[in-house]
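Written out below as structure tokens is the structure these notes cover.
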Amino acid sequence: MNTQAALSSDQKLALKTYVKLMRAAGVVNDRMHRHLLPEKLTFSQFAVIEALYHLGPLCQQDIGRKILRTSGNMTMVIDNLEKRGLVARTNVPDDRRFKRVSLTTAGERLIKKIFPRHAEITRGVFSTLTLQEQEQLGRLLKKLGTKTA
Numbered sequence: 005m006n007t008q009a010a011l012s013s014d015q016k017l018a019l020k021t022y023v024k025l026m027r028a029a030g031v032v033n034d035r036m037h038r039h040l041l042p043e044k045l046t047f048s049q050f051a052v053i054e055a056l057y058h059l060g061p062l063c064q065q066d067i068g069r070k071i072l073r074t075s076g077n078m079t080m081v082i083d084n085l086e087k088r089g090l091v092a093r094t095n096v097p098d099d100r101r102f103k104r105v106s107l108t109t110a111g112e113r114l115i116k117k118i119f120p121r122h123a124e125i126t127r128g129v130f131s132t133l134t135l136q137e138q139e140q141l142g143r144l145l146k147k148l149g150t151k152t153a
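Under the working numbering, the very last position in the sequence shown is 153; numbers go up by exactly one each time.
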């Protein structure tokens, strides 16, 4: 049975565009994070140490907002990074409900080692597009991500 016959042309185009977006995101995601495997880092773990490297110590909740992860997921990710000695938690003096997360020396050493490669891989992945196309894609994705139906 051809279920597409019941769809409007707008619906068909939106569905095709969605599939292309998801396929492209999957390919980009795979290429961007393959280099993390030898370091035994998940994408979320990398995102945490990268955020701490560029922004300095942050509360767990702020890290979650920066890397778009839930608080439950952040607890597990930070627990695992802490077990590996890559981050440390300290109490926030003004509010004992919060813990500040910071890179340890080992965490800083690791991110300094892998971030340049990450930046180069990013450049390579997006070099398929011209600089103008990258800017246009950025604007379109931002528009798509901020509008709700």
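Quick reminder that beta carbons are idealized off the backbone N, C-alpha and C, glycines included.
Assuming contact is defined by CB atoms lying nearer than 8 Å, are Ser106 and Pro61 in contact in what I supplied?
For Ser106 and Pro61, yes; Cβs fall inside 8 Å.
Tell me the start and end of each unbroken alpha helix (DSSP H) in the segment 54 to 134 that is at least 4 residues and wholly inside, in chain order.
Counting only runs of 4 or more, we get 64 to 71, 75 to 87, 109 to 130.
Own chain residues within Cβ distance below 6 Å of Phe50, not counting five before or after
Cβ neighbours of Phe50 within its own chain (closer than 6 Å, five residues either side excluded): Leu40.
CB Leu145 to CB Ile53, shorter than 8 Å?
Taking 8 Å as the Cβ cut-off, Leu145 and Ile53 do not qualify as a contacting pair.
For Ala10 and Asp66, the rounded distance between their alpha carbons
Rounded to whole angstroms, the gap between the alpha carbons of Asp66 and Ala10 is 45 Å.
Coarse secondary structure for Ser48, derived from DSSP in three states
Under the three-state reduction of DSSP output, Ser48 falls in the helix class.
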